[in-house]
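Beneath this line is the structure, given in structure tokens, with notes to follow.
In this note's numbering, the protein residues as written are 6 to 165.
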């Protein structure tokens, strides 16, 4: 083999090696979600069920609630959250997280570290026609009138 052919062959294999590097755009939704360190979620729909003496009452409506999950550490299972109407301007509430095969679930904690029953699941599936992940947020609380209240919000999240 001539020296020039050997050099060309070497250059070809070097270029193939550089081409093997995966860009962020080439990652699957699952890979993007599992590598995310920040997710900003916008919830646009809410369903509520209240239990009273007459049985459950259901309501549905449009909302606009935005939260950001940040400092997502998949190894330690921890993250933080800012924003949203549930926290009255509290910043950086600690969270526990659990990664499943096709989703990440965030378990929100109070300042004292107790589990606050607010759970958000971000799926590795995109909302139709977008690159925004589908998200569902659920809470079980007691209303001001001492009635059990369950809420479920739906929306989307983007990885930043």
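Glycine is no exception: its CB is placed at the ideal position from the N, C-alpha and C atoms.
From a predicted model like this one, the values you see are computed outputs, not experimental measurements.
For residue 105, the pairing in a beta bridge is given by DSSP as 108. With the rule of 3 Cβ pairs closer than 8 angstroms, the stretch 54-70 counts as touching the stretch 146-154. When secondary structure is reduced to three states using DSSP, residue 165 falls in the coil class, being assigned neither helix nor strand. The beta carbon of residue 132 sits closer than 7 angstroms to those of 139 and 161, all from its chain and outside the five residues before and after it, given in chain order. Residue range 34-40 is occupied by the alpha helix (DSSP H) that includes residue 38, with no beta strand (DSSP E) assigned at that position.
By the neighbour-count definition (other C-beta atoms within 10 Å, threshold 16), residue 72 is a buried residue. Around the C-beta of residue 123, 16 or more other C-beta atoms lie within 10 Å, and the residue is accordingly described as buried. Between residue 36 and residue 159, the alpha-carbon positions lie close to 22 angstroms from each other.
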